[in-house]
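Same order as they appear, the protein sequences are chains E and L. Mapping of the first sequence onto our numbering: residues 1 to 174, in sequence order. Mapping of the second sequence onto our numbering: residues 1 to 174, in sequence order. For each residue, glycine too, the CB sits at the ideal point set by N, CA and C. Predicted, not measured: the structure shown is a model, and the values here were computed from it.
Number of protein chains: 2
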Amino acid sequence: MKRIAIDMDEVIADFNSKMVPSFNQRFAKSITHDDLDGHTIQQLFPELKSDINIMIGESDFFADLSVIVDSQSVIKQLSERYDIFITTAAMEFPGSFTAKFLWLEKHFPFIDPMNIVFCGNKSILHADYLIDDNARHFNGFSGEGILFSAPHNAQVEGFRRVNNWQEIAALFLR
Amino acid sequence: MKRIAIDMDEVIADFNSKMVPSFNQRFAKSITHDDLDGHTIQQLFPELKSDINIMIGESDFFADLSVIVDSQSVIKQLSERYDIFITTAAMEFPGSFTAKFLWLEKHFPFIDPMNIVFCGNKSILHADYLIDDNARHFNGFSGEGILFSAPHNAQVEGFRRVNNWQEIAALFLR
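Below, the structure is given as structure tokens:
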């Protein structure tokens with residue numbers, strides 16, 4: 001059975017829909033989703049990077065993220081034909097471990113907790129495919145990286161790209 | 001550079017030296033380390049398994065474990081010649097994530113946090129070697145499993161076995 005590793009933030013968890021209003025409220029700004037084209041908020045406001053990371057690192061920041069459209073139904077179908085792992089780069093925000101684990105338990109109860117991986121360097125993953133919004137994680141990854149579109153990666157090239165979960169279904173569930 | 005994945009509990013963190021007295025105190029027992037020969041405490045007292053797991057799952061249980069003799073100095077030397085990852089099966093005790101992360105930061109500050117992995121099913125690891133006290137983690141692992149001796153695995157056969165960190169040094173630092 002082929003194995004698919006799937007990232008969390010901006011792939012199954014809608015990070016930016018919380019990030020943008022949280023950032024605007026905390027730092028008295030008024031950015032929109034369009035401003036993120038090609039950038040992360042930290043790249044747009046490098047002088048605020050450490051304060052932004054403090055906000056993200058708060059233990060409950062990840063607790064109430066929305067689920068990315070169609071990710072639940074497509075992953076449920078994928079899990080019948082593939083070995084599915086959720087692989088999230090939690091090491092930059094160690095305060096987020098428990099919230100991320102509970103979020104997965106709540107929204108993806110059909111994923112075996114033993115198939116959840118918190119890591120930093122994703123080259124450690126042994127999988128056939130890695131679906132991720134950060135192309136840097138494909139560096140050294142032994143399988144095929146599949147780039148999930150997010151505002152910050154709009155200009156990234158060189159990888160197979162999917163724009164939504166229906167495109168992933170078309171790719172893997174034909 | 002070859003990659004070595006190293007487990008935490010009973011390999012670099014001395015779990016049993018805390019577990020035995022903690023168990024005796026909490027459950028009014030008087031077991032010794034010798035009683036563990038070939039078993040975990042949960043196997044010796046199956047009727048207490050869920051209560052024992054509650055104790056282990058408390059957020060600070062892992063915070064003050066001692067360091068296994070010679071693990072720091074040998075891993076420091078290994079890290080100059082190998083790509084080292086710490087790979088710990090934290091998913092059974094999600095309350096332990098932060099304590100384990102802080103423990104590693106305190107006792108193994110030379111390990112890049114990006115090279116820490118919390119997982120359940122270790123077949124997801126892409127490494128040449130996995131040093132672990134639980135042989136079940138070698139099932140499906142693509143590299144070579146090296147069994148680190150612990151009381152519970154005394155009767156396990158079929159894998160290269162090391163009894164201490166000096167034996168690991170002899171194996172990898174010749």
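The segment 83–99 of chain L / the segment 1–13 of chain L touching (three or more Cβ pairs under 8 angstroms): yes
Distance CB(H137 (chain L))-CB(H126 (chain E)) smaller than 7 angstroms: Counting from 1 along the second sequence, the entry for residue 137 (chain L) is found at position 137. Counting from 1 along the first sequence, the entry for residue 126 (chain E) is found at position 126. Contact flag unset, no.
Sub-7 angstroms separation of Y82 (chain E) and I4 (chain E) beta-carbons: Looking up residue 82 (chain E) in the first sequence gives position 82. Looking up residue 4 (chain E) in the first sequence gives position 4. Yes, the pair counts as a contact, with Cβ atoms nearer than the cut-off.
Straight-line Cα distance separating E105 (chain E) from I240 (chain E): Residue numbering for chain E in the displayed model covers 1 to 174; residue 240 (chain E) lies beyond these limits and cannot be assessed.
Separation of F61 (chain E) from H33 (chain E), as counted between CA atoms: Reading the first sequence from its first residue, position 33 is the one you call residue 33 (chain E). Reading the first sequence from its first residue, position 61 is the one you call residue 61 (chain E). Each residue's CA atom was taken as its position, placing H33 (chain E) and F61 (chain E) some 19 angstroms apart.
CB contact flag (M114 (chain E), M19 (chain L), <7 angstroms): In the first sequence, the residue the question calls residue 114 (chain E) occupies position 114. In the second sequence, the residue the question calls residue 19 (chain L) occupies position 19. No, these two residues do not count as a Cβ contact at 7 angstroms.
Exposure of N53 (chain E), with buried meaning 16 or more beta-carbon neighbours within 10 Å: Position 53 of the first sequence, counted from the start, is the residue given in the question as residue 53 (chain E). N53 (chain E) is exposed by the Cβ-count criterion.
Cβ contact check for the segment 145–163 of chain L and the segment 35–52 of chain L: 3 or more pairs under 8 angstroms: yes
Whole alpha helix (DSSP H) elements within the segment 37–62 of chain L, 4-residue minimum: Complete alpha helix (DSSP H) runs here, min 4: 41–44, 49–57.
Close beta carbons around Q166 (chain L), own chain, < 7 angstroms, minus the five adjacent residues each side: Sequence index remark: in the second sequence, residue 166 (chain L) carries index 166 (1-based). In its chain, beyond the 5 residues on either side, D70 have a beta carbon closer than 7 angstroms to the beta carbon of Q166 (chain L).
Test: N24 (chain L) CB closer than 7 angstroms to a CB of chain E: For the purposes of this step, residue 24 (chain L) is identified with residue 24 of the second sequence, where counting begins at 1. It does not; no Cβ of chain E falls within 7 angstroms.
Interface flag, S142 (chain L) vs chain E, CB-CB below 7 angstroms: For the purposes of this step, residue 142 (chain L) is identified with residue 142 of the second sequence, where counting begins at 1. Chain E, which has a Cβ nearer than 7 angstroms to the Cβ of S142 (chain L), makes this yes.
Positions along the segment 110–134 of chain L whose CB lies within less than 8 angstroms of some CB in chain E: D112, P113, M114, N115, I116, V117, F118, C119, G120, N121, S123, I124, L125, H126, A127
CB contact flag (A63 (chain L), A13 (chain L), <7 angstroms): Start at 1 with the first residue of the second sequence, and residue 63 (chain L) comes out as number 63. Start at 1 with the first residue of the second sequence, and residue 13 (chain L) comes out as number 13. No. Outside cutoff.
Per-residue burial, K122 (chain E) [other beta carbons within 10 Å of its own, 16 or more giving buried]: Taking the first sequence and counting its residues from 1, the one referred to as residue 122 (chain E) is at position 122. K122 (chain E) comes out buried.
7 angstroms Cβ cutoff, F245 (chain L) in contact with chain E: Residue 245 (chain L) cannot be examined here, being either before or after the span of chain L that is shown, 1 to 174.
CB contact check: P151 (chain E) to chain L, cutoff 7 angstroms: Sequence index remark: in the first sequence, residue 151 (chain E) carries index 151 (1-based). Not closer than 7 angstroms to any Cβ of chain L, the Cβ of P151 (chain E) fails to qualify, so no.
Exposure of F110 (chain L), with buried meaning 16 or more beta-carbon neighbours within 10 Å: Numbered from 1 along the second sequence, position 110 holds the residue referred to as residue 110 (chain L). Burial is judged here by how many other beta carbons sit within 10 angstroms of a residue's own beta carbon; F110 (chain L) has fewer than 16 and is exposed.
Members of the segment 66–92 of chain L that neighbour chain E once the beta carbon cut-off is set at 7 angstroms: F85, M91
I116 (chain E) in three-state terms, based on DSSP: The residue labelled residue 116 (chain E) in the question sits at position 116 within the first sequence. Strand.
Chain-ordered neighbours of F101 (chain E) on chain L, where CB pairs are closer than 7 angstroms: Position 101 of the first sequence, counted from the first residue, corresponds to residue 101 (chain E). Those are P94, listed as they occur along chain L.
Where the alpha helix (DSSP H) containing L130 (chain L) begins and where it ends: Position 130 of the second sequence holds residue 130 (chain L). Element bounds for L130 (chain L): not the alpha helix (DSSP H) but the beta strand (DSSP E), 129–132.
Proximity winner among L:L173, L:S142, L:A135, L:D112, relative to R161 (chain L) (alpha-carbon distances): One-based indexing of the second sequence puts residue 161 (chain L) at position 161. With distances taken between Cα atoms, R161 (chain L) lies closest to L:A135.
With 16 other Cβ atoms within 10 Å as the buried cut-off, status of L102 (chain E): Here residue 102 (chain E) refers to the residue found at position 102 of the first sequence. Burial call: exposed.
Distance between Q42 (chain L) and P21 (chain L) (C-alpha atoms, nearest Å): Here the question's residue 21 (chain L) lines up with position 21 in the second sequence. Here the question's residue 42 (chain L) lines up with position 42 in the second sequence. If I take the Cα positions, the gap works out to 14 angstroms.
Length of the line joining the Cα atoms of A169 (chain E) and Q72 (chain E): Sequence index remark: in the first sequence, residue 169 (chain E) carries index 169 (1-based). Sequence index remark: in the first sequence, residue 72 (chain E) carries index 72 (1-based). Looking at the backbone, the Cα of A169 (chain E) and that of Q72 (chain E) are separated by about 11 angstroms.
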